[in-house]
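Numbers 1 to 366, taken from our numbering, label the letters of the sequence shown in order.
What follows is a short report on a single structure.
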Amino acid sequence: MTELNEKLERVCTAFRIPGTLESWHEIKQGNVNRTFKVTFRQPDGTEKSYIVQRVNTYVFEDPEAVMDNIDRVTEYLHKKDPHRKVLHFHHTEDRKNHVFDENGFWRLFNFIPSRTFDHCEDLEIVHNAGAAFGEFQMQLRDFNAADLNETIPYFHNTRKRYQDLEKAVTEDPCGRAAQVGREIEWVMGVKEKACTLTDLYEREELPLRVTHNDTKINNVLFEQEGTKAIVVIDLDTVMPGLVGHDFGDAIRFAANREEEDSRNWENAGMNMEIFREFTEGFLEHTANVLTEKEIDTLAISCFSMTCELATRFLRDYILGDPYFKINYPEHNLVRTQCQIALARDMECRMEEMAETVRRCVSKYRT
Ligand code: GN1
Ligand code: MG
Numbered sequence: 001m002t003e004l005n006e007k008l009e010r011v012c013t014a015f016r017i018p019g020t021l022e023s024w025h026e027i028k029q030g031n032v033n034r035t036f037k038v039t040f041r042q043p044d045g046t047e048k049s050y051i052v053q054r055v056n057t058y059v060f061e062d063p064e065a066v067m068d069n070i071d072r073v074t075e076y077l078h079k080k081d082p083h084r085k086v087l088h089f090h091h092t093e094d095r096k097n098h099v100f101d102e103n104g105f106w107r108l109f110n111f112i113p114s115r116t117f118d119h120c121e122d123l124e125i126v127h128n129a130g131a132a133f134g135e136f137q138m139q140l141r142d143f144n145a146a147d148l149n150e151t152i153p154y155f156h157n158t159r160k161r162y163q164d165l166e167k168a169v170t171e172d173p174c175g176r177a178a179q180v181g182r183e184i185e186w187v188m189g190v191k192e193k194a195c196t197l198t199d200l201y202e203r204e205e206l207p208l209r210v211t212h213n214d215t216k217i218n219n220v221l222f223e224q225e226g227t228k229a230i231v232v233i234d235l236d237t238v239m240p241g242l243v244g245h246d247f248g249d250a251i252r253f254a255a256n257r258e259e260e261d262s263r264n265w266e267n268a269g270m271n272m273e274i275f276r277e278f279t280e281g282f283l284e285h286t287a288n289v290l291t292e293k294e295i296d297t298l299a300i301s302c303f304s305m306t307c308e309l310a311t312r313f314l315r316d317y318i319l320g321d322p323y324f325k326i327n328y329p330e331h332n333l334v335r336t337q338c339q340i341a342l343a344r345d346m347e348c349r350m351e352e353m354a355e356t357v358r359r360c361v362s363k364y365r366t
């Protein structure tokens with residue numbers, strides 16, 4: 001604890017935060033980076049809070065390239081809409097937006113008073129989250145994708161994710177594969193269907209856009225009292241991608257009846273009201289721009305993204321959890337089971353989902 005305290009103090013000093021560190025705590029959201037809220041007593045006696053993050057350099061091998069992307073994207077968004085809030089990253093004396101030393105890769109930005117939702121059944125908020133992600137993507141419509149570093153290659157290439165899983169099963173370094181035979185069998189059984197989105201892209205049937213790629217509803221900050229979205233955060237994975245990556249990933253998180261980490265994974269499945277409301281919000285901003293082909297992929301993209309994440313959690317479990325943070329030994333297995341249960345339910349609802357998408361498109365196309 002004191003060691004962490006010292007590290008945080010050193011980082012804040014490097015970012016030239018005035019005053020003295022009064023308190024801090026870790027924010028447990030997020031499966032890869034570590035996030036801390038620090039509060040300073042400023043020289044004038046008032047308090048000011050910041051968010052300090054230690055970027056996971058196992059996951060992000062080139063964190064400078066990640067920060068470079070974030071800089072470009074936030075600057076672009078700010079120019080497009082100067083009134084919209086963006087995350088304000090602080091700089092060190094030598095104008096760097098990070099500190100990279102033997103203690104890791106650190107960054108610091110202003111804390112925005114707000115609330116976030118890991119699970120939300122308030123339909124207005126769900127609608128506004130869909131709108132925030134749809135709008136985010138549309139605002140980056142003319143952003144030159146070639147200007148972005150591909151910080152995690154093949155991030156949403158489902159076929160590649162399946163290959164990675166297959167390799168892990170073959171190598172089985174922790175002897176865990178035998179124990180997860182049922183899970184392996186289920187995900188492998190739906191492989192071709194899960195790879196639909198990737199295959200369509202490889203056949204050049206879908207346009208490449210600039211996407212967020214990690215559209216969990218808790219990556220939208222909402223006003224503290226009220227239902228308006230303030231800003232989309234966690235731009236670590238903004239990269240060229242497909243609209244279905246953002247739509248599908250958002251649905252697999254927000255519309256799941258159980259939370260991603262729930263041990264009651266048997267109850268996981270689609271909440272169709274939430275699906276409808278998120279889709280409304282998302283298509284309100286995107287219906288006029290998306291191609292017919294893209295629209296046709298939205299429902300299946302939910303299944304693809306859910307299966308893809310199941311392969312990622314399962315692989316991590318088999319490899320001894322090198323990638324995702326865990327709180328207990330079977331954590332990644334539980335996460336896998338939850339994604340599988342959700343994907344199974346989605347399979348039964350695919351037609352209903354596609355129908356909702358079509359209805360929203362006709363409603364919002366002008
Ligand atoms: C990771 O750490 P977080 O919550 O931002 C992961 C996402 C997964 C998500 C599952 C860079 O995101 O791809 O969908 O966990 N991010 C990375 O909760 O791998
Ligand atoms: Mg993320």
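All residues carry an ideal CB built from backbone N, CA and C; glycine is no exception.
Residue j beta carbon less than 9 Å from that of residue i
i    : j    : result
M376 : A255 : No answer is possible for residue 376: it lies beyond the span of the chain, which begins at 1 and ends at 366.
A310 : T336 : yes
D118 : I217 : yes
E223 : R115 : yes
E308 : P240 : no
H90  : I27  : no
E192 : L314 : no
Where residue i falls, given that 16 or more other Cβ within 10 Å makes a residue buried
i    : result
N267 : exposed
C12  : buried
A146 : exposed
T46  : exposed
P207 : exposed
N264 : exposed
D214 : buried
D62  : exposed
A178 : exposed
N219 : buried
D101 : exposed
N144 : exposed
Q29  : exposed
E185 : exposed
L327 : Reading off the sequence, residue 327 comes out as Asn, not Leu. Classification of N327: exposed, given that the 10 Å Cβ count is below 16.
Q42  : exposed
R95  : exposed
G226 : exposed
Ligand 1 heavy atom lying under 8 Å from the CB of residue i
i    : result
G130 : no
A359 : It should be pointed out that residue 359 corresponds to Arg in this sequence rather than to Ala. No - ligand 1 has no heavy atom lying nearer than 8 Å to the Cβ of R359.
G30  : yes
L8   : no
K216 : yes
R161 : no
F105 : no
E260 : yes
I152 : yes
Y317 : no
F89  : no
N149 : no
N256 : no
V59  : yes
F111 : no
N327 : no
CA-to-CA distance, residue j to residue i, given in whole angstroms
i    : j    : result
T74  : Q139 : 11 Å
L235 : V289 : 23 Å
Q163 : P153 : 14 Å
V99  : R107 : 6 Å
V52  : N110 : 9 Å
L123 : E284 : 15 Å
V361 : A129 : 18 Å
N33  : D199 : 31 Å
W24  : T39  : 6 Å
L87  : T170 : 43 Å
V210 : E135 : 12 Å
D261 : V55  : 22 Å
V231 : D249 : 18 Å
E93  : F60  : 24 Å
T57  : L8   : 18 Å
K48  : Q339 : 39 Å
A132 : F282 : 7 Å
Any non-hydrogen atom of ligand 2 closer than 8 Å to residue i Cβ
i    : result
N144 : no
N69  : no
N219 : yes
T237 : yes
D164 : no
D234 : yes
Proximity test, Cβ basis, 9 Å: residue i and chain C
i    : result
Y201 : No chain C appears in the structure shown, which is made up of a single protein chain.
Hey, which unbroken runs of the alpha helix (DSSP H) at 4 residues or more fall wholly within the region 31-106? When DSSP assignments are scanned along the region 31-106, the uninterrupted stretches of alpha helix (DSSP H) that are 4 or more residues long and fall wholly within it turn out to be 63-80.
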